[in-house]
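Novice:
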Ligand code: NI
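In this note's numbering, the protein residues as written are 175 to 578.
Structure, rendered in structure tokens:
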């Protein structure tokens, strides 16, 4: 396929995906479309127990293995863009650019397929369901397809970067995202006789102020951390002090240490305030993805690859939003980049637009990453363990030791 044909193919596929948004775990039409395209291109699909999402493989059986990952789900948002290919499904929209990620990775798959016979290893192409809901990345990890994969690459659209630019930084680029629900149990009473009850309204007023000291007083001021109470529910009328109060919120951080510290301080303050007021407290803590943390050595490689592809390299726009790509990076070194898709309303907005002009460069960048990574891995030292097993010695960290 020549470049003009590939460009039109990517734009058509992107327009189709954009007009057919499906929510997390409901990506049936999207999955069918991807599988259909793969079978037309004779790309090998792995037989996996996935209801939605798919994994394909390109390359020869020997040598190292790397992965490219796209997420495929959309959001429950009513689109307000006036695009000719706007959502056909009421109340659903590709407002986070996952249609762009899917098209770009698909383009890379086609380009890699064309040079399959020359690849010094294998590339696993991952179309992950449910990035916007919990568990999508884990569905893929549970299939075991990443067991012998040595590095993984992904990207995310950025409405803050122009087309032709790429944000890439080593270390943490997105946050660990946890959430919590806290219930205080007091003693309801007549509003005229607060002495006969335990007032949870006064309690939560203290508590909400106190939790703001966790980030400002307990964590290093040079680190990025966040704790927000986002919902407060208590009482239902003017002359009764309620029995209970419920709070919901989110905690975000860029390191495991700060993540743990914030959780511990939140529990301590909740228990301390409850006991000071004579109330009881219970906390439900929901642990979300860890920080998205780019491997330093593979980030250098990805930056060099992007530079050769003509991208204007920028620092990754840091964000305390989360990304379940982080679950892959817990298992193997990986790099997550922000690709400029033109200035637009922010993602997760009903007016968000990704410029399709960024598709072909994105596909070519991903292709160069996968192919370059295989060559880089092929050049690395091989060594043997005491039992005679062949082991690849990787350049950066001990966790990169992979058997083949
Ligand atoms: Ni997203």
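Backbone N, C-alpha and C define an ideal beta-carbon position, used for all residues, glycine too.
Between the C-alpha atoms of residue 466 and residue 255, what's the straight-line distance to the nearest angstrom?
Specialist: Each residue's Cα considered, the two are about 30 angstroms apart.
Novice: Less than 6 angstroms between C-beta atoms, sequence neighbours within five positions excluded: which residues of the same chain meet that for residue 405?
Specialist: Excluding sequence neighbours, residue 405 sits near 422.
Novice: Which of helix, strand or coil does DSSP assign to residue 472?
Specialist: If DSSP states are grouped into helix, strand and coil, residue 472 belongs with the helices.
Novice: What's the call for residue 536, buried or exposed, on a 16-neighbour Cβ count within 10 Å?
Specialist: That one is buried.
Novice: Mind checking whether the beta-carbon of residue 270 lies closer than 6 angstroms to any heavy atom of the ligand NI?
Specialist: At least one heavy atom of the ligand NI is nearer than 6 angstroms to the Cβ of residue 270, so yes.
Novice: Could you check which residue in 454, 387, 363 has the C-alpha nearest to that of residue 410?
Specialist: Comparing Cα-Cα distances from residue 410 to each of 454, 387, 363, the minimum goes to 363.
Novice: Where residue 529 and residue 340 are concerned, what is the direct C-alpha to C-alpha distance, given to the nearest angstrom?
Specialist: Distance between the alpha carbons of residue 529 and residue 340: 14 angstroms.
Novice: Please state the DSSP three-state secondary structure of residue 397.
Specialist: Correct three-state label for residue 397: coil.
Novice: Identify which residue in 253, 356, 274, 388 has its Cα closest to the Cα of residue 617.
Specialist: The chain is shown only over 175 to 578; residue 617 falls outside these bounds and no answer can be derived.
Novice: Tell me whether the stretch 348 to 356 and the stretch 488 to 504 touch, counting them as touching only if at least three CB pairs, one residue from each stretch, are closer than 8 angstroms.
Specialist: Result yes; three or more Cβ-Cβ pairs closer than 8 angstroms.
Novice: Pick from 477, 462, 463: whose alpha carbon is nearest that of residue 469?
Specialist: Of the candidates 477, 462, 463, the one whose C-alpha sits nearest the C-alpha of residue 469 is 477.
Novice: Check for me: the beta strand (DSSP E) holding residue 418 runs from which residue to which?
Specialist: Here the beta strand (DSSP E) through residue 418 covers 418 to 427.
Novice: Alpha carbon to alpha carbon, how far is residue 417 from residue 381?
Specialist: Straight-line Cα distance between these residues: approximately 16 angstroms.
Novice: Count the other CB atoms within 10 Å of the CB of residue 427; is the residue buried (16 or more) or exposed (fewer)?
Specialist: Under this definition residue 427 is a buried residue.
Novice: Since residue 512 is in the beta strand (DSSP E), which residue starts that stretch and which ends it?
Specialist: Where residue 512 is concerned, the enclosing beta strand (DSSP E) stretches over 508 to 514.
Novice: Using a threshold of 7 angstroms, state whether the C-beta atoms of residue 229 and residue 326 are closer than that.
Specialist: Result no, Cβ atoms of residue 229 and residue 326 do not sit closer than 7 angstroms.
Novice: Which residues bound the beta strand (DSSP E) around residue 546?
Specialist: Note, residue 546: premise wrong, no beta strand (DSSP E); alpha helix (DSSP H) at 533 to 553.
Novice: Does DSSP put residue 238 in a helix, a strand or coil?
Specialist: Coil at residue 238, not helix or strand.
Novice: Keeping to the same chain, check which residues put their C-beta closer than 8 angstroms to that of residue 474; ignore five residues upstream and five downstream.
Specialist: Same-chain partners within the cutoff: 344.
Novice: Since residue 337 is in the beta strand (DSSP E), which residue starts that stretch and which ends it?
Specialist: Run containing residue 337: none; DSSP gives neither H nor E here.
Novice: For the 8 angstroms Cβ check, are there 3 or more pairs between the stretch 272 to 279 and the stretch 217 to 231?
Specialist: Because the criterion of three Cβ pairs below 8 angstroms is not met, the stretch 272 to 279 and the stretch 217 to 231 do not touch.
Novice: Distance check for residue 204 and residue 194, CA to CA, integer angstroms please.
Specialist: Going by the C-alpha atoms only, they are around 8 angstroms apart.
Novice: Could you pull out every unbroken beta strand (DSSP E) segment of at least 3 residues lying fully inside the stretch 481 to 507, listed in chain order?
Specialist: Runs found: 486 to 488.
Novice: Taking residue 148 as part of the beta strand (DSSP E), name the residues at either end of that continuous run.
Specialist: The requested residue 148 is not part of the displayed model; the chain covers only 175 to 578.
Novice: Should the stretch 448 to 455 be called in touch with the stretch 302 to 317, which here means at least 3 C-beta pairs below 8 angstroms?
Specialist: The stretch 448 to 455 vs the stretch 302 to 317: no contact.
Novice: Cutting at 7 angstroms between CB atoms, please list the residues of its own chain near residue 457, excluding the five before and the five after it.
Specialist: Closer than 7 angstroms at the Cβ level, and outside the excluded window around residue 457, lie 354, 356, 441, 444.
Novice: What separation, rounded to the nearest whole angstrom, lies between the Cα atoms of residue 192 and residue 546?
Specialist: Looking at the two C-alpha atoms, the distance is approximately 30 angstroms.
Novice: When burial is assigned at 16 or more other CB atoms within 10 Å of the CB, is residue 570 buried or exposed?
Specialist: With a pLDDT of 44 at residue 570, under the threshold of 50, the predicted position of this residue should be treated as unreliable, though the coordinate-derived value follows. Per the 10 Å Cβ criterion, exposed.
Novice: Beta strand (DSSP E) containing residue 221: first to last residue?
Specialist: Counting along the chain, residue 221 falls outside any beta strand (DSSP E), and DSSP gives it neither H nor E.
Novice: State the beta-bridge partners of residue 524 as determined by DSSP.
Specialist: In DSSP, residue 524 forms no bridge with anything.
Novice: What residues are listed by DSSP as bridge partners for residue 245?
Specialist: In the DSSP output, where bridge partners are listed per residue, residue 245 has 302.
Novice: Buried or exposed, going by whether 16 or more other CB atoms sit within 10 Å of the CB of residue 463?
Specialist: Residue 463 should be labelled buried.
Novice: Within 8 angstroms, do at least three Cβ pairs link the stretch 236 to 249 to the stretch 277 to 287?
Specialist: As far as the Cβ criterion goes, the stretch 277 to 287 touches the stretch 236 to 249, which means the pair count is three or higher.
Novice: By how many angstroms is the C-alpha of residue 371 removed from the C-alpha of residue 148?
Specialist: The question about residue 148 has no answer, for the chain in this structure spans 175 to 578.
Novice: Taking only three categories from DSSP, how would you classify residue 324?
Specialist: Looking at residue 324 - three-state DSSP - the assignment turns out to be coil, as it is neither helix nor strand.
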